[in-house]
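Heads up, the sequence shown stops at 578 in our numbering, and the numbers go up one at a time, no gaps.
Where a beta carbon is used, it is the ideal one built from N, C-alpha and C, also for glycine.
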Amino acid sequence: MQDKILNLRALFPTYNIDGYIIPSSDEFNNEYLPKHLKRLRWLTGFTGSNGLCIITDKFKAFFTDGRYLIQAETELGDDYQIFNMTNEDYTKFFTSIKGSKLGFDPNLLTKSAYDHYCSLAKKLNIELIPLPKNLIDEIWLDKPLPKKSNIIELGLEFVGLSREEKIKQVLENFSDCADYLLLTSLDSICWLLNIRADDISYTPFLLSYLIMDKEGNLELFLDQNNQDFQLKNIKVRTFKELKPYYLELVNSNKKIALDLTSCSYWFFANAEREQIMSISDPCQMLKACKNKVEIKGFRDGHIEDGIALCKFLFWLEQNIDNGINEVSAAKKLLELRKEQKYFQYPSFGSISAFKQNGAIIHYHPTPRTCLKLTREGLYLIDSGGQYLNCTTDVTRVTCLGESSQEQTTNFTLVLKGFITLSKAVFPVSTTGLQLDALARYPLWQHGLNYLHGTGHGVGHFLSVHEKPNNISPAKRSYVALKPGMITSIEPGFYKQGEYGIRIENLALVKESLYSGFLEFESLTLAPIENRLIDINLLNNAEKTWLNNYHEKVYNNIAPHLNREEKKWLKDKTDPL
């Protein structure tokens, strides 16, 4: 890694800069990346999905969120100063590079991200300099080549709306204010065109850009490898043609609608301010609010996913003494998911974590860290699947032997917050920010908390982390929840060096029986470990909710299990 840093620093004089900014995102603002765009991972070895690195002649600074702090310390070592980017303390680093010139790739920072860093930099006389080349690409000599995509079109039996119907909906959101709409979010493009691909591990995205005019004509920009792909009434062009075409529109004084939170800074920097119409990507809210066909897919898909997960948890208890480790356990769960009709592949790398590894919020086992599972300690499994009819994400913690009173108490506190939010009834226009405290309150009363959001949106055979809905204390949670949205509900507690607890279901936002109010419908179907529940800490309403939930799990999953599995599930879902 040190040679890579030296090679990067050697380029600084050529571009007259004192440092360079490397975000984890790519040209499409992706969370998960294809191999040839994992620049931050190549440079630093960090394997998380959210990070930013600043390399100067003297410093190596790394910024990430609470999910990855322990992981960053482990993977990066002592060479880096590591900061929590969700904590204002990280701004202290910038005082140490006051007056510096920092280079960056204008294709990798969104306009909103650029504005954020720019406002901070100006206070300290730090100059942000967009560079014509990506410096990591300059030194990454064995960089993988992009592969040809496997692209599929989804039928109406899965998506519910035709491409033409979706285009009409999008036109209603921008055609009055601009001549063209530029889409750079891959989930928006795949949703709009009813296509899926395999350019990114775990996420069925096609690397692409899309430009739509106010008559609904579409131009799709793809890698050279995919120029044989055809869609009716859509012109397919190469990536190399995108910027010249965009500049042609700019030079023709066309007004272009862009989303500053997803489009790269380059598009804003290469147009006059009056030509840019800053709008929210119109696909995002349309996509987030699932239609009836998609909702049915989520309900059906979670039965399939629940069958696999229940079979896995039964298998785990029966075979715990047979040398299972974190990796082999995750492989077994994948095998069981593969038996389901519409399963395609995992929706993310499984977090299979035993004992102290469970305290690393986004832990993934490696040969060096992989632990053998025993009857002493808590095992956390956070996993999900991509199905043709839905995307799943679920976390369960199981106790394979004896648990301590502390573990049982903390598990029950997490469960209380989980139930409180799951059974919440709330007014229309309520935001995720307003709901977040419901899940944390029982932990707060004991001086405990967790350093991640409580819930994230989930796509329909798209991204397991979908915008715009979010349940967390962060500003991005100002979006109001709406009927048809899918969200995770996943409070947790983590004791570093000892254990981790997280309970996660996916839930559908739907109208309540009370006019003007909304509620959640739990979609995930898997038992919550009853051996870790201190029943004395639950009130009657919480017991009733859990008993009703477990009854729903048993009724939906038991018919698909064998006799022994069914008996096991009955024990796990018996009323408290």
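*Which runs of the alpha helix (DSSP H) spanning at least 4 residues fall entirely within the region 320 to 375, listed in chain order?*
Correct list: 328 to 340.
*Just checking, does the region 462 to 482 make contact with the region 393 to 400 on the three C-beta pairs under 8 Å criterion?*
Counting Cβ pairs under 8 Å, three or more are found: they touch.
*Hey, how far is the Cα of E566 from the Cα of K572?*
The residue given as residue 566 occupies position 564 in the sequence shown. The residue given as residue 572 occupies position 570 in the sequence shown. Near 10 Å, if we compare the C-alpha coordinates of K572 and E566.
*Is T489 closer than 7 Å to A476 when the C-beta atoms are compared?*
Taking the first residue of the sequence shown as 1, we reach residue 476 at position 474. Taking the first residue of the sequence shown as 1, we reach residue 489 at position 487. Their beta carbons are not under 7 Å apart, which means A476 does not touch T489 by this criterion.
*Is the region 285 to 302 close to the region 350 to 359, with three or more CB pairs under 8 Å?*
Not touching, per the Cβ criterion.
*Name the DSSP beta bridge partners of F223, please?*
Against the sequence shown, residue 223 aligns to sequence position 221. DSSP, once it has assigned bridges, lists Y211, R239 as partnering F223.
*For S266, the residue or residues it bridges with in DSSP*: Position 264 of the sequence shown, counting from 1, holds the residue named residue 266. According to DSSP, S266 bridges with T112.
*Sequence-distant residues of the same chain with beta carbon closer than 7 Å to F428, five excluded per side*: For the purposes of this step, residue 428 is taken as residue 426 along the sequence shown, with counting starting at 1. Closer than 7 Å at the Cβ level, and outside the excluded window around F428, lie L437, F519, L520.
*So is G218 buried or exposed if we call it buried at 16+ other beta carbons inside 10 Å?*
One-based indexing of the sequence shown puts residue 218 at position 216. Flag for G218 reads exposed.
*Going by Cα to Cα distance, which pick from D261, A271, Q277, K574 is closest to S254?*
Position 252 of the sequence shown, counted from the start, is the residue given in the question as residue 254. With distances taken between CA atoms, S254 lies nearest to Q277 out of D261, A271, Q277, K574.
*Taking the C-alpha atoms as reference points, what is the distance between N451 and F14?*
Numbered from 1 along the sequence shown, position 449 holds the residue referred to as residue 451. Numbered from 1 along the sequence shown, position 12 holds the residue referred to as residue 14. A direct Cα-Cα distance of roughly 42 Å separates N451 from F14.
*First through last residue of the beta strand (DSSP E) which encompasses M279*: As a working mapping, residue 279 is identified with position 277 in the sequence shown. Under the DSSP assignment, M279 falls in the beta strand (DSSP E) whose first and last residues are 278 to 280.
*Which one of C312, N564, T205 has the shortest CA to CA distance from H552?*
In the sequence shown, residue 552 corresponds to position 550, counting from 1. Checked all of C312, N564, T205; the closest Cα to H552 is C312.
_Beta-ladder partner(s) of D384, from DSSP_ = Walking along the sequence shown from the start, residue 384 turns up at place 382. According to DSSP, which records beta bridges pairwise, D384 is partnered with I353, T397.
*Measure the CB-CB distance between E404 and L373 and report whether it falls below 7 Å.*
Here residue 404 corresponds to residue number 402 of the sequence shown, with the count starting at 1. Here residue 373 corresponds to residue number 371 of the sequence shown, with the count starting at 1. Cβ distance not < 7 Å, so E404 and L373 don't count as in contact.
*Does DSSP put T58 in a helix, a strand or coil?*
Locating residue 58 in the sequence shown gives position 56, where the first residue counts as 1. Note: T58 maps to strand in three-state DSSP.
*Nearest-angstrom Cα separation, counted from Q320 out to E221*: The sequence position of residue 221 within the sequence shown is 219, counting from 1. The sequence position of residue 320 within the sequence shown is 318, counting from 1. Each residue's CA atom was taken as its position, placing E221 and Q320 some 55 Å apart.
*Please classify P529: is it buried, with 16 or more other beta-carbons within 10 angstroms of its beta-carbon, or exposed?*
Your numbering for residue 529 matches position 527 in the sequence shown. It is buried - the Cβ of P529 has at least 16 other Cβ atoms within 10 Å.
*Starting from A439, trace the alpha helix (DSSP H) both ways and give me its first and last residue.*
Position 437 of the sequence shown, counting from 1, holds the residue named residue 439. Looking at the DSSP string, the run of the alpha helix (DSSP H) that includes A439 is 434 to 446.
_Residue closest to K6, alpha-carbon to alpha-carbon, out of Y116, F65, D139_ = Indexing the sequence shown from 1 puts residue 6 at position 4. When C-alpha distances from K6 are compared across Y116, F65, D139, the shortest belongs to D139.
*Return the CA-CA distance between E513 and K484, expressed in angstroms with no decimal places.*
Counted from its first residue, the sequence shown places residue 513 at position 511. Counted from its first residue, the sequence shown places residue 484 at position 482. If you take the alpha carbons of E513 and K484, they lie about 9 Å apart.
*CB Q388 to CB Q346, shorter than 7 Å?*
Walking along the sequence shown from the start, residue 388 turns up at place 386. Walking along the sequence shown from the start, residue 346 turns up at place 344. Contact check for Q388 against Q346 passes: the beta carbons are separated by less than 7 Å.
*DSSP state of V430, grouped into three classes?*
Locating residue 430 in the sequence shown gives position 428, where the first residue counts as 1. V430: coil per DSSP, three-state reduction.
*So with Cβ pairs under 7 Å, would you call Q277 a contact of chain C?*
Annotation note: the requested chain C is absent from the structure, which comprises a single protein chain.
*asked:* At 3 residues or longer, what runs of the beta strand (DSSP E) sit wholly inside the region 131 to 219?
replied: Runs of the beta strand (DSSP E) inside the region 131 to 219: 182 to 185, 211 to 215.
*Should the region 30 to 47 be called in touch with the region 184 to 192, which here means at least 3 C-beta pairs below 8 Å?*
These segments touch.
*Can you tell me whether H448 is buried or exposed, with buried defined as 16 or more other CB within 10 angstroms of its CB?*
For the purposes of this step, residue 448 is taken as residue 446 along the sequence shown, with counting starting at 1. Per the 10 Å Cβ criterion, exposed.
*Would DSSP call Q232 helix, strand or coil?*
Walking along the sequence shown from the start, residue 232 turns up at place 230. Judged by DSSP in its simplified three-state form, Q232 adopts coil rather than helix or strand.
*Whose CA, out of S177, N272, L318, N542, lies closest to the CA of W570?*
Taking the sequence shown and counting its residues from 1, the one referred to as residue 570 is at position 568. Residue L318 is the option with its Cα nearest to W570.
*asked:* Tell me the residue span of the alpha helix (DSSP H) that contains E567.
replied: The residue labelled residue 567 in the question sits at position 565 within the sequence shown. First-last of the alpha helix (DSSP H) with E567: 565 to 575.
*So does the region 264 to 277 actually touch the region 289 to 305, counting three or more Cβ pairs closer than 8 Å?*
No, the region 264 to 277 is not in contact with the region 289 to 305.
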